[in-house]
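If you read the sequences in order, they're chains A and B. Going left to right, the first sequence walks through residues 0 to 115 as numbering that gives the first Met the number 0 numbers them. Going left to right, the second sequence walks through residues 0 to 718 as numbering that gives the first Met the number 0 numbers them.
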Amino acid sequence: MVVDDDESVRESLPDLLREFGFTVLAFSSANEFLASDSVDRTTCLVLDVVMPGMNGLDLQMELKNRGHKIPIIFITGQKDESVRRRVLDQGAVDILLKPFSDTALREALSKALGGI
Amino acid sequence: MPVEPESPAEEIRHLRRCISDLVSVLALPATWAGGGPSQIVGNSLDALVSMLSLDFIYARLRESTGTAFTEMARVTPDWESKPRPEEIGEKLQPWLKNDPQKLPAVVRNLFGKPSITLVPLQLGLHAEIGVIVAGSQRADFPQQTEGLVLNIAANQAAIGLQESSLLSAQRRVARELDQRVAQRTAELAASNEELRKEIAERKSLEERLRQEETELKRSDAYKAAILDSSLDCIVAVDHEGCITEFNPAAERTLGYDREDVVGKHMADVIIPPSLREKHRAGFARHLATGESRVLGQRVEMTALCADGREIPVEIAITRILHDGPPSFTGYLRDITQRKRNEEALLETHAKLARSEERWRSVFENSAIGVALTELNGRFIAANPVFQKMLGYTEEELGQLSFMDITVEEDRNLNRMLVNELLEGKRRQFQIEKQYRRKNGNTVWARNSVSVVPGTERSPGFLMALSEDVTERRLAEEALNETRSELADMARLTTLSTLTASIAHEVNQPLSGIVTNASTCLRMLDANPPNLEGARETARRTIRDGNRASEVIARLRALFGKKNAPFEMFDLNEAVQEVVALSISELQRNRAVLRSDLAVDLPAVLGDRIQIQQVILNLLRNGYDAMNMVDDRPGELLIKTECDEKGGVRLSVKDSGVGIDSEIEKKLFEAFHTTKSDGMGIGLSVSRSIIESHQGRLWAIRNEGAGATFLFSIPCSTNT
């Protein structure tokens, strides 16, 4: 699953993930994702940190609280060490700084899915 | 009132009393012998009032001259009140002013008495001397005998008064005669005295004339005149040194009497004891050899006065040429005053010198530099502080003009100010300028320069009070640097607060580019290649690339240039660029931005980039304010329009938290912020930018939620 408020990410990233062979759905906000029936079917979540409304960190906490253990790969446009430490402490697989390479994404994905 | 018939015994007693009264009255003149009218009348009244038991008796006597009269009265002791003669006269006036003979016999209510009978008596045949009025309460008044007594008494008094009057007239005449005789005698005596004086004067005149004649004969008139009238002292001596002449001026000046000194040795008189030996020797030498140190010259010497004072004199001695032994005339002049003047002059000079010394000392020890230059700028003098400040000695400065040591940049202003000073346009001026020291360094000086006008004896000059303000200037420069650093910091802060969103702005398309390019490659590498997908992802890559380069170009424009010159630009265009830059951030903040841009907006003149920074700042403020509100969708309205003053106004209206009045005051202060992550520089910097465009930046509270920030700047045609 991809959750990002930026449209260009929502249109480009799913295509790449599909090229990797995954089935991908994209949501523009955390609430949209939580409201969908996809939460239970999600094997991995690619999540933007900064989003209007509920941000990536909030969603991570929310999922944790609901008992979901979906591996999360954060993506962010801002390099911020404190945010990085926080998401990793909260159990994120990795945090990728935009723009990231397809290799970096692949490595993160295999780490996430290999952990299942 | 009926008269009771008297018994014979009583009548006899009555008559006897009458005769006794008459005898008394006839004896009255003896009591006033030689007395005046008041004594005559007074005695008569006293006698009558007691003899006849009257209540009162009043007399009025005419004065010998005019209409004035003298009043007298006697009142019985039985009356409690004693009216004065004038009061009685006044009461009786209504009857007295007419014919006294017509007086009514009985008058009611007089002096508080129910009834008084008045009897008038004339003094003189026609009352020319006066009148007497007798009054009694008795009903039988006046009895026949009483009337007789009264008449006789009046006659006696009248005769007495006439005699008295005659006597006084005789006395007066006698007195006048005496006076006249005495006067005439005095006159005669005076004229005698005058005659005597005249004779004496004539005699003394003749005597004086005779004396003068003899004196004139005895003395040479010419010489005497000179001697007498000369202002100089003239002392003549014979060959032995004895004084032969001593004129009035000499008497006055030296205090000796001519008689006392003529014939005495001059050395014993006017030469001070300490000089006498020398004088004698010189005199003797001259007589022996004919040589002299004093003859024919003006010499200053000391003379001894009669009172022992020694005074400075100027003396010229001439030898009189005639046959026989030589004689000498000395002309002396008291030069005490001249000496005194000389001393005063010396004292003045000394004072002047002291004053000069004092000023010199002020000059030398002044804590600030003092330099004097000629009007052309060449140094005349410079005090130690000034010398030290410039590193030149006073001598070296003497070869220089102040222009020579003023740094190039300051010369024109300095020259202009000095010219204005010389033209009289200003009395003084202040200038802060840099001097070039001898060692090549510069020093900042604050100078107060004034022109000291010339006098007939000395040309004018310029005076500069010069204070070394280098340290202050350095401090100011440091302060300015700090200020500009602060401005830079504000700029950087704006930059860094923007960096976050800007990084997002740039990274978002970059991320798209990388992802799309990777996808594209994978699609091409697939077997069979997904050409359709590759084309789509390549198209997206190019689109995102353009988007990224646009963002970068704008950022470069926004922060790359420093101090761009003012230019004409379209505010709407500038707004659209800023909006395009912030659109994604706005979207991310789920804020709706609406634009309402006036179509016919005139071009504005200014720094486009700075104005865009302000707009960006206002937009950021707007959505920051709305981020603090969760319960409603944020809405921003950016609007441009022409304002009432012919300028252009831009407003950013938000639906955020608004401004409370406490904050309103501090809104534009640097470092004031309500945001936990803000530096609070944005608005204050924005305001200073707008003000540098002759514009105004302010904020108002909205009718509904939120606030509106506005600025207006003049449009280019107005400036």
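We put the CB at the ideal spot given by N, CA and C, even for glycine. Treat the numbers as computed from the prediction; the structure is a model and nothing was measured.
Q) Along chain A, which residues have their Cβ under 8 angstroms away from the Cβ of GLY532(B)? A) ASP14
Q: Alpha carbon to alpha carbon, how far is ASP259(B) from GLY281(B)? Give it in angstroms, no decimals.
A: 25 angstroms
Q) Using the beta-carbon of each residue, which ones in chain B are nearer than 8 angstroms to SER100(A)? A) VAL513, SER517
Q: Please list, in chain order, all residues of the same chain as SER35(A) whose beta carbon is under 8 angstroms from its beta carbon, the five residues on each side excluded.
A: LEU24, PHE26
Q: Please go through the stretch 81-116 of chain B and give each complete beta strand (DSSP E) segment of 3 or more residues, from N-terminal end onward.
A: 105-109
Q.
Can you find the residues in the same chain that come closer than 6 angstroms, C-beta to C-beta, to ARG425(B), ignoring five residues on each side of it along the sequence?
A. GLU419
(Q) So SER654(B) contacts chain A; which residues on that side make the cut at Cβ distance below 8 angstroms? (A) Chain A residues near SER654(B): none, gap ~15 angstroms exceeds 8 angstroms.
Q) Taking the alpha carbon of PRO93(B) as the point to measure from, which residue in ARG546(B), MET300(B), ILE541(B), VAL106(B) has its own alpha carbon closest? A) VAL106(B)
Q.
So ALA624(B) and VAL656(B) are supposed to be a Cβ contact under 8 angstroms. How far apart are they, rounded?
A. 5 angstroms
Q: Under 8 angstroms by Cβ, that's how I've got ALA573(B) and ARG607(B) pegged, so tell me the actual separation to the nearest angstrom.
A: 6 angstroms
Q.
I'd like the list of long-range same chain contacts for GLN609(B), defined as Cβ closer than 6 angstroms, with 5 residues on each side in sequence excluded.
A. ILE688
Q.
Quick check: what's the CA-CA separation for ASN246(B) versus ILE310(B)?
A. 18 angstroms
Q | SER354(B) burial status per 10 Å Cβ neighbour count (16 or more: buried) | A | exposed
Q. Contact check, ASP14(A) vs THR518(B) under 8 angstroms by CB: the rounded distance?
A. 5 angstroms
Q: Compare the Cα-Cα distances from GLN143(B) to each of SER164(B), ASP20(B), VAL268(B) and report the closest residue.
A: ASP20(B)
Q.
With a threshold of 8 angstroms between beta-carbons, can GLN507(B) be considered close to chain A, or not?
A. yes
**Q.** LEU95(B) to ARG61(B) span [Cα, whole Å]
**A.** 13 angstroms
Q. Whose C-beta lies closer than 8 angstroms to the C-beta of GLY694(B) among residues of the same chain, with five residues either side of it excluded?
A. GLY646, PHE710, SER711, ILE712, PRO713
**Q.** Beta-carbon proximity check, MET725(B) vs GLY240(B), cutoff 8 angstroms
**A.** Residue 725(B) is absent from the structure shown; chain B starts at 0 and stops at 718.
Q: Find out if the Cβ-Cβ distance for the pair VAL468(B), LEU461(B) is shorter than 8 angstroms.
A: no
Q: Determine, using beta carbons only, whether SER7(A) comes closer than 8 angstroms to chain B.
A: yes
Q) Excluding five sequence neighbours on each side, which residues of the same chain lie with their C-beta closer than 8 angstroms to the C-beta of SER23(B)? A) ALA46, MET50
Q) Quick one, which of PRO51(A), LEU95(A), LEU16(A), MET0(A) has its alpha-carbon nearest ASN626(B)'s? A) PRO51(A)
Q: Please check if any C-beta of chain A sits within less than 8 angstroms of the C-beta of THR639(B).
A: no
Q. GLY146(B) and ILE39(B): beta carbons closer than 8 angstroms?
A. no
Q: With a cut-off of 8 angstroms on the beta carbons, I'd call ALA547(B) and ILE512(B) a contact; round off their distance for me.
A: 7 angstroms
Q.
Restricting to Cα atoms, I'd like to know which of ASP5(A), PHE21(A), GLN59(A) is closest to THR42(A).
A. PHE21(A)
Q: Can you say whether TRP443(B) is buried or exposed, counting buried as having 16 or more other CB atoms within 10 angstroms of its CB?
A: buried
Q.
Between the alpha carbons of SER59(A) and GLU576(B), how many angstroms are there, rounded?
A. Reading the sequence as shown, one finds Gln at residue 59(A) and not Ser. Spanning the two alpha carbons is a distance of roughly 36 angstroms.
(Q) Measuring CB atoms only, is the stretch 268-278 of chain B touching the stretch 287-306 of chain B, in the sense that at least three cross pairs come out at less than 8 angstroms? (A) yes
Q: Just the C-alpha distance for ALA669(B) and SER685(B), rounded to the nearest angstrom, thanks.
A: Caution is warranted here: a pLDDT of 44 is assigned to ALA669(B), below 50, making its placement in the model unreliable, and the coordinate value is therefore given only provisionally. Taking the straight line from one Cα to the other gives about 10 angstroms.
Q) Given that SER27(A) touches chain B, what residues does it touch there, using C-beta distances under 9 angstroms? A) Those within 9 angstroms of SER27(A) in chain B number zero; the least Cβ separation is about 10 angstroms.
(Q) Can you pull the chain A neighbours of ASP623(B), defined as C-beta to C-beta under 9 angstroms? (A) Per Cβ cutoff of 9 angstroms: no residues; ASP623(B) is ~13 angstroms from chain A at best.
Q.
Taking the alpha carbon of ARG459(B) as the reference point, which residue from GLY376(B), GLY532(B), LEU120(B), ASN446(B) has its own alpha carbon closest?
A. Before going further, note that residue 459(B) is Gly rather than Arg in the sequence given. The shortest C-alpha separation from GLY459(B) is found at GLY376(B).
Q. So does the stretch 127-136 of chain B actually touch the stretch 5-20 of chain B, counting three or more Cβ pairs closer than 8 angstroms?
A. no
**Q.** DSSP-derived helix/strand/coil call for ARG201(B)
**A.** helix
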